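S.K.: Here you go, one structure.
Number of protein chains: 2
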Amino acid sequence: MPETPPSETAKRYEGKAKILYATEDESVLLTVFKDDATAFNALKRGQITGKGQMNCTIAAALFKYLATQGIPTHFITQTAPDQMTVKALQIIPVEVVVRNIAAGSLCRQTGLELGTILPQPLVEFYYKNDDLQDPLLTRDRLLLLNLATPSQVEELAQMALQINQYLTTFFKRCNVTLVDFKLEFGLDPQGMLYLADEISPDTCRLWDDSETDPERRVMDKDRFRQDLGGVAAAYQTVQERVLQAIAQFS
Amino acid sequence: MPETPPSETAKRYEGKAKILYATEDESVLLTVFKDDATAFNALKRGQITGKGQMNCTIAAALFKYLATQGIPTHFITQTAPDQMTVKALQIIPVEVVVRNIAAGSLCRQTGLELGTILPQPLVEFYYKNDDLQDPLLTRDRLLLLNLATPSQVEELAQMALQINQYLTTFFKRCNVTLVDFKLEFGLDPQGMLYLADEISPDTCRLWDDSETDPERRVMDKDRFRQDLGGVAAAYQTVQERVLQAIAQFS
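Keeping their order, the protein sequence lines are chains A and B.
Each residue of the first sequence is one higher than the last, beginning at 1 in my numbering.
Each residue of the second sequence is one higher than the last, beginning at 1001 in my numbering.
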């Protein structure tokens, strides 16, 4: 069972999959991961039993791994199965997506076939704005909206590509292909950029290398989006493989 | 009345607003402008009486004006009120949009308020693909889909910005603000880039400088899209002012 969450009075922000609480240290927030699942801009809603704990555990492991590779992350420590403390940051309202293989909206919007291996990783920016349904941003639109400075945009893209290299290598050890994933970043009071949010089967497309069937191979939230069944079991497998890889290589 | 169009056997392409016919010279096509109007990816359909003739006349005038400024265009000559001959080109399946003031999908997708003056003209690319509903393209997606080469993308953007300067100046003489517009380009057999398609109230947002009311000032297809009435009259006014400006300054 999840730990009792902090009192409502400390709640700072509630998103679709996580709640952020203030702590006694104003530079630290507590993140509680929920079992709630949403898709298609929250038009589809459900619960995935144990998701909060699994995603928290997977994200904690991946943040720790990335930190060993020199990536600054907001992660401090996992305080309960579904809870972690993180640095309080000013979140940049941009979702940075890295794509190695065509899937999801890239296919719908370009006509590229699902599974097309991209000649090089594609970094894309989306406006983190529920009312506007998280639209794709060109770099010009991102700058026009003052969501980040030109040098921050470059830094975001470079960090995202570096993280893609580390995560692709890591998931290969798990016998998993990292198809694409979404990152969020935040700035500390000194303006330093940190990886924030989470990295989990909610935010990555992960395909099992030991499966060739296009439905059976799916280990991520697409199982929920597409009603493929076995959602919790897939997340459980990802968690097991991630923890095993961490244990073997650390 | 429009001239009798050429025989069906010569039809090379029928779009929403124009039909292209082959001619005896394979390097030349005949374009016939239709009164048909569509909006919202052809979900809304209608007719605007006289539109074919007005758009053909406006486009012919603007193509001639741009040619005098050194812009290579596909226009050869207006052969009838609703017909013009043009160079046969390999059309690049990209719509190049230049925006001076926020309107339309830019507002819907970014939350910018209608009428926001942009700090500098915004050049955007859209995939000319009805099935995909002409989606916005980042430069990376445009290149990924091999719709143009990197140097062609640069050339498209530069030409579009230059055309924007010329057209903005021209429409100012007409007491009209050029809010935004869509261009298409094509390549001749030698790979030289030409401005193609049309420039008309179907493809531009034009606001009457002598009106401040946000509905009364609209002189373009938004009158049709938004059921503002007086569509043909607005096109007629644009045609009159364009021809007057051409007569005064040429």
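Even for Gly, the Cβ is constructed at its ideal location relative to N, Cα and C.
Quick caveat: nothing in here was measured; it's all calculated off a predicted structure.
Quick one: what does DSSP say Gly1015(B) is sitting in, helix, strand or coil?
M.R.: Gly1015(B) falls in the coil class under three-state DSSP.
S.K.: For Tyr166(A), which residues of its own chain have a beta-carbon under 8 Å away from its beta-carbon, when the five flanking residues on both sides are left out?
M.R.: Excluding sequence neighbours, Tyr166(A) sits near Tyr65, Leu66, Gln69 and Ile71.
S.K.: Closer than 8 Å by C-beta to Leu112(A): which residues in its own chain qualify, once you throw out the five before and the five after it? Chain order, please.
M.R.: Here the set comprises Ala102 and Leu106.
S.K.: Are the CB atoms of Thr49(A) and Met84(A) within a distance shorter than 8 Å?
M.R.: Not a contact, by the Cβ cut-off of 8 Å.
S.K.: Contact criterion: CB-CB distance below 8 Å. Does Met1001(B) meet it with respect to chain A?
M.R.: Legend: pLDDT at Met1001(B) = 46, less than 50; position of this residue unreliable, value from coordinates given subsequently. By this cut-off, Met1001(B) is not an interface position.
S.K.: Does Gly1155(B) get closer than 8 Å to chain A when you measure Cβ to Cβ?
M.R.: For the record, residue 1155(B) in the displayed sequence is Glu; it is not Gly. So, not an interface residue.
S.K.: Pick out whichever of Asp1140(B), Ile1117(B) and Gln1078(B) has its Cα sitting closest to the Cα of Thr1177(B).
M.R.: Selected option, being the one with the closest Cα: Ile1117(B).
S.K.: Roughly how many whole angstroms lie between the Cα atoms of Tyr126(A) and Thr1138(B)?
M.R.: Answer to the nearest angstrom: the Cα atoms are 11 Å apart.
S.K.: Assuming Ala1037(B) is part of the alpha helix (DSSP H), what are its boundary residues?
M.R.: No alpha helix (DSSP H) holds Ala1037(B); the beta strand (DSSP E) holding it covers Asp1036 to Ala1039.
S.K.: May I have the straight-line CA-CA distance separating Arg1217(B) from Gly1115(B), to the nearest angstrom?
M.R.: C-alpha separation (whole angstroms): 12 Å.
S.K.: Hey, could you find the ends of the alpha helix (DSSP H) Val153(A) is sitting in?
M.R.: Looking at the DSSP string, the run of the alpha helix (DSSP H) that includes Val153(A) is Pro150 to Arg173.
S.K.: Excluding sequence positions up to five away, which residues of its chain have a Cβ less than 6 Å from the Cβ of Thr1038(B)?
M.R.: So the list reads Lys1016 and Arg1045, once near-sequence residues are dropped.
S.K.: Pick from Lys172(A), Ala10(A) and Asp180(A): whose alpha carbon is nearest that of Pro320(A)?
M.R.: In the structure as shown, chain A begins at 1 and stops at 250. Residue 320(A) is therefore absent and cannot be evaluated.
S.K.: Could you tell me whether the Cβ atoms of Gln1109(B) and Pro135(A) are closer together than 8 Å?
M.R.: Result yes, Cβ atoms of Gln1109(B) and Pro135(A) sit closer than 8 Å.
S.K.: Could you pull out every unbroken beta strand (DSSP E) segment of at least 3 residues lying fully inside the region 1198–1242 of chain B, listed in chain order?
M.R.: You should have 1204–1208.
S.K.: Shortest alpha-carbon distance to Asn1041(B) belongs to which of Leu1143(B), Ala1247(B), Gln1236(B) and Gln1133(B)?
M.R.: Closest by alpha carbon: Gln1133(B).
S.K.: Keeping to the same chain, check which residues put their C-beta closer than 8 Å to that of Ala234(A); ignore five residues upstream and five downstream.
M.R.: Excluding residues within five positions, the ones whose Cβ falls inside 8 Å are Pro201, Val218, Met219, Asp220 and Arg223.
S.K.: Identify the residues that DSSP records as bridge partners of Glu124(A): which are they?
M.R.: DSSP lists Val97(A) as partners of Glu124(A).
S.K.: Thinking C-beta only, is Leu161(A) closer than 8 Å to Val238(A)?
M.R.: No, they are not a contact pair.
S.K.: Which residue comes first and which comes last in the beta strand (DSSP E) that contains Gln1133(B)?
M.R.: Unbroken run through Gln1133(B): none, as it is neither H nor E.
S.K.: Run down chain A in chain order and give the residues with a C-beta less than 8 Å from the C-beta of Leu1144(B).
M.R.: Correct list: Thr110, Leu112, Leu118, Pro119 and Leu122.
S.K.: Find out if the Cβ-Cβ distance for the pair Leu1156(B), Val1096(B) is shorter than 8 Å.
M.R.: Their beta carbons are under 8 Å apart, which means Leu1156(B) touches Val1096(B) by this criterion.
S.K.: According to DSSP, simplified to helix, strand and coil, what is Met1001(B)?
M.R.: For Met1001(B), the pLDDT reaches just 46, beneath the cut-off of 50, and the residue's location in the model is therefore unreliable, although a value from the coordinates is still provided. Residue state, collapsed to three classes: coil.
S.K.: Pull up the distance between the alpha-carbon of Ile246(A) and that of Val153(A), whole angstroms please.
M.R.: Each residue's Cα considered, the two are about 31 Å apart.
S.K.: CB-CB under 6 Å to Asp197(A), same chain, minus the five flanking residues each way: which ones, in chain order?
M.R.: Once the five neighbours on either side are set aside, the close Cβ partners of Asp197(A) are Glu184.
S.K.: If the criterion is Cβ atoms closer than 8 Å, does the pair Ala80(A) and Ile199(A) meet it?
M.R.: Against a cut-off of 8 Å, the Cβ pair of Ile199(A) and Ala80(A) comes out as no contact.
S.K.: For Ala1088(B), which of helix, strand or coil comes out of DSSP?
M.R.: Looking at Ala1088(B) - three-state DSSP - the assignment turns out to be coil, as it is neither helix nor strand.
S.K.: For chain B, is any of its Cβ atoms less than 8 Å away from the one on Asp140(A)?
M.R.: Answer yes: the Cβ-Cβ gap between Asp140(A) and chain B drops below 8 Å somewhere.
S.K.: Would Pro135(A) count as contacting chain B if we go by Cβ distances under 8 Å?
M.R.: Output row for Pro135(A): interface = yes.
S.K.: Quick one: does Asn1129(B) have its CB under 8 Å from some CB of chain A?
M.R.: By this cut-off, Asn1129(B) is an interface position.
S.K.: Is the Cβ of Leu1132(B) closer than 8 Å to any Cβ of chain D?
M.R.: The structure shown contains no chain D; its protein chains are A and B.
S.K.: Compute the Euclidean distance between the alpha carbons of Gln1053(B) and Leu147(A), then round it to the nearest angstrom.
M.R.: Cα-Cα distance, rounded: 45 Å.
S.K.: Might you give, ordered along the chain, the residues of its own chain that have their beta carbon closer than 6 Å to the beta carbon of Asn164(A), omitting 5 neighbours on each side?
M.R.: These residues qualify, in order along the chain: Val98 and Pro121.
S.K.: Once the 5 residues before and after Ala1022(B) are set aside, which same chain residues still bring their CB inside 7 Å of it?
M.R.: Once the five neighbours on either side are set aside, the close Cβ partners of Ala1022(B) are Ala1010, Arg1012 and Leu1029.
S.K.: In terms of alpha-carbon separation, which member of Gly104(A), Asn100(A) and Asp188(A) lies closest to Thr168(A)?
M.R.: It is Asn100(A).
S.K.: Where do the N-terminal and C-terminal ends of the alpha helix (DSSP H) with Ala102(A) fall, by residue?
M.R.: Premise fails: Ala102(A) is in no alpha helix (DSSP H) and is neither H nor E.
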